[in-house]
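Engineer: What follows is a single structure, and I will ask about it in a moment.
2 protein chains.
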Amino acid sequence: MNIKIEKLVKQFAKLPRVGTRAATRIVLALLQDKSGKAESLASTLMDAANTIHPCSNCGVLTDQDVCEYCSDMTRKNGQLCIVRDLSDVVVLEKSGVFHGRYHVLGGNLSGVSGVTPDDLNIAIIPNRIKSEQISEIIFALPNTVEGKTTQQYIISVIGNTGVDFSELASGVPLGGDLDYIDDGTLTLAFGGRKKL
Amino acid sequence: MNIKIEKLVKQFAKLPRVGTRAATRIVLALLQDKSGKAESLASTLMDAANTIHPCSNCGVLTDQDVCEYCSDMTRKNGQLCIVRDLSDVVVLEKSGVFHGRYHVLGGNLSGVSGVTPDDLNIAIIPNRIKSEQISEIIFALPNTVEGKTTQQYIISVIGNTGVDFSELASGVPLGGDLDYIDDGTLTLAFGGRKKL
Numbered sequence: 001m002n003i004k005i006e007k008l009v010k011q012f013a014k015l016p017r018v019g020t021r022a023a024t025r026i027v028l029a030l031l032q033d034k035s036g037k038a039e040s041l042a043s044t045l046m047d048a049a050n051t052i053h054p055c056s057n058c059g060v061l062t063d064q065d066v067c068e069y070c071s072d073m074t075r076k077n078g079q080l081c082i083v084r085d086l087s088d089v090v091v092l093e094k095s096g097v098f099h100g101r102y103h104v105l106g107g108n109l110s111g112v113s114g115v116t117p118d119d120l121n122i123a124i125i126p127n128r129i130k131s132e133q134i135s136e137i138i139f140a141l142p143n144t145v146e147g148k149t150t151q152q153y154i155i156s157v158i159g160n161t162g163v164d165f166s167e168l169a170s171g172v173p174l175g176g177d178l179d180y181i182d183d184g185t186l187t188l189a190f191g192g193r194k195k196l
Numbered sequence: 197m198n199i200k201i202e203k204l205v206k207q208f209a210k211l212p213r214v215g216t217r218a219a220t221r222i223v224l225a226l227l228q229d230k231s232g233k234a235e236s237l238a239s240t241l242m243d244a245a246n247t248i249h250p251c252s253n254c255g256v257l258t259d260q261d262v263c264e265y266c267s268d269m270t271r272k273n274g275q276l277c278i279v280r281d282l283s284d285v286v287v288l289e290k291s292g293v294f295h296g297r298y299h300v301l302g303g304n305l306s307g308v309s310g311v312t313p314d315d316l317n318i319a320i321i322p323n324r325i326k327s328e329q330i331s332e333i334i335f336a337l338p339n340t341v342e343g344k345t346t347q348q349y350i351i352s353v354i355g356n357t358g359v360d361f362s363e364l365a366s367g368v369p370l371g372g373d374l375d376y377i378d379d380g381t382l383t384l385a386f387g388g389r390k391k392l
């Protein structure tokens, strides 16, 4: 194959969930397209790469000084939802379940992967509580050891400021068949059972 | 989501086998990467889009006047392999089964999709037979009605020039379990059975 095409395939193949086979299909489709899809994608990507950066307040990607959530005054309702990644914000926004502000950590504390508090977007949280009059912090972190450790660490950093803390409920997912639920989830679902 | 990110997700989601969910993952990974993957991909893609075009002789994508296969004199062995798409060339090259020259049609004749001989890279084939002293034409077209129709049409265009024609064998694929083979393939495999 032509060396420029090979270089392009290799770069596409490094993207998440794209292997060499899919990358080859994508590159051939782009380069054979006569409507200018390749140029258009290249220029959109270059423009985004040059202008998109994390919001200095919450960590959500934006091309403005402050992101659309932090600058939206209707979202200043005292609720702050702490998530691991930007993709969690995308999922929560799609569900329409949350109407407050977000805080993206950029990872979870992890001894194994060597992620320390300095690697995460944690230090600014106490300032946000004051400046945005946060009354409730909702942890929407992964239901894993790392997620729970990170949650505990953040609670200890914030200390006793009168802010309410909450976390997402654990249990059987909607439509979940008990046959397919792991023991840990089942234990949590039993422990958290609701009186009817 | 930020409007520039949304635009980028939409463009990625139009690529083959990439949906909105995968496109979102790809875009977030690219824009959060700090090693410059996004800029690098954008510039490689733009460069390829500006310089890559079909080889004027065989239709394979190249950034040169004539592609690497047509300019490689060791491949001028009298064999010409006719394929539908560039992706077929990639598959054949990967297998290492063929060492001659390629000819990419860019599609197959199809009444349903309205593909006529003028839409395909057919007219130049008689010239190639003369100028490259082709002695055998190997049809590696899809084993479909469209593929066979295209093959017959090309044979009729070339006419009686002393060139040998051949097509890939039909039959049970390697490792193929008869339970999972369709009736048409089974009929072809029976008809083409080999004496041991």
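Residue numbers (the working numbering), protein chains in the order written: chain R, 1 to 196; chain A, 197 to 392.
Backbone N, C-alpha and C fix where the C-beta goes; we use that ideal spot for every residue, glycine too.
With respect to the alpha helix (DSSP H) encompassing Y153 (chain R), which residues constitute its N-terminal and C-terminal limits?
Structural biologist: Segment V145 to I158, the alpha helix (DSSP H) holding Y153 (chain R).
Engineer: Quick one: is T220 (chain A) near chain R, going by C-beta distance under 7 Å?
Structural biologist: Taking Cβ atoms only, chain R reaches closer than 7 Å to T220 (chain A), which makes this a yes.
Engineer: Look at R84 (chain R) and L105 (chain R) and say whether their C-beta atoms are less than 7 Å apart.
Structural biologist: Contact: yes.
Engineer: Using the Cα positions of A22 (chain R) and S131 (chain R), report the straight-line distance between them to the nearest angstrom.
Structural biologist: Near 47 Å, if we compare the C-alpha coordinates of S131 (chain R) and A22 (chain R).
Engineer: Could you work out which residue in A:S239, A:V308 and A:V286 is closest to Y265 (chain A) when comparing CA atoms only?
Structural biologist: The residue with the shortest Cα to Cα distance from Y265 (chain A) is A:V286.
Engineer: With distances taken from CA atoms, which of R:S156, R:I137 and R:Q11 is nearest Y238 (chain A)?
Structural biologist: As written in the sequence, residue 238 (chain A) is Ala, which differs from the Tyr given in the question. When each option's Cα is compared against that of A238 (chain A), the closest is R:Q11.
Engineer: What are the start and end residues of the alpha helix (DSSP H) that includes F386 (chain A)?
Structural biologist: Counting along the chain, the alpha helix (DSSP H) containing F386 (chain A) begins and ends at D379 to G387.
Engineer: Identify which residue in R:I129, R:F139, R:Q79 and R:T187 has its Cα closest to the Cα of N108 (chain R).
Structural biologist: Ranking the options by Cα distance to N108 (chain R), first place goes to R:F139.
Engineer: Quick one: is L92 (chain R) near chain A, going by C-beta distance under 7 Å?
Structural biologist: It does not; no Cβ of chain A falls within 7 Å.
Engineer: Taking P142 (chain R) as the query, report the chain A residues whose CB atoms sit under 9 Å from its CB, ordered along the chain.
Structural biologist: Those within 9 Å of P142 (chain R) in chain A number zero; the least Cβ separation is about 16 Å.
Engineer: Which same chain residues end up closer than 8 Å to G367 (chain A) when comparing Cβ atoms and leaving out the 5 residues on each side of it in sequence?
Structural biologist: Here the set comprises T381, L384, A385 and G388.
Engineer: Does DSSP classify S83 (chain R) as helix, strand or coil?
Structural biologist: A small fix is needed here, since residue 83 (chain R) is Val in this sequence, not Ser. It is a strand residue.
Engineer: Report yes or no: do three or more beta-carbon pairs, one from the stretch 47-64 of chain R and one from the stretch 221-230 of chain A, lie closer than 8 Å?
Structural biologist: With a cut-off of 8 Å, the stretch 221-230 of chain A and the stretch 47-64 of chain R count as touching, because enough Cβ pairs lie within range.
Engineer: Using a beta-carbon distance cut-off of less than 9 Å, what residues from the stretch 81-107 of chain R approach chain A?
Structural biologist: If the cut-off is 9 Å between Cβ atoms, the stretch 81-107 of chain R has D85, L86, S87, V89, V90, E93 and G106 near chain A.
Engineer: Who are the neighbours of E235 (chain A) on chain R, taking C-beta pairs under 9 Å?
Structural biologist: Those are L45, M46, A49 and N50, listed as they occur along chain R.
Engineer: Give the interface partners of A189 (chain R) over in chain A, defined as CB-CB distance under 9 Å, in chain order.
Structural biologist: Per Cβ cutoff of 9 Å: no residues; A189 (chain R) is ~27 Å from chain A at best.
Engineer: Below 8 Å on the Cβ atoms is my guess for R200 (chain R) versus N77 (chain R); work out the distance and round it to an integer in Å.
Structural biologist: Since the displayed chain R opens at 1 and closes at 196, residue 200 (chain R) lies outside it and no answer follows.
Engineer: Taking 7 Å as the CB-CB cut-off, is P313 (chain A) touching chain R?
Structural biologist: Taking Cβ atoms only, chain R never reaches closer than 7 Å to P313 (chain A), which makes this a no.
Engineer: Could you check which residue in R:G114, R:Y102 and R:T144 has the C-alpha nearest to that of I125 (chain R)?
Structural biologist: It is R:Y102.
Engineer: Against D378 (chain A), what residues of chain R qualify as contacts under a CB-to-CB distance less than 7 Å, listed in chain order?
Structural biologist: Under the 7 Å cutoff, chain R gives no residues; its nearest Cβ is about 24 Å from D378 (chain A).
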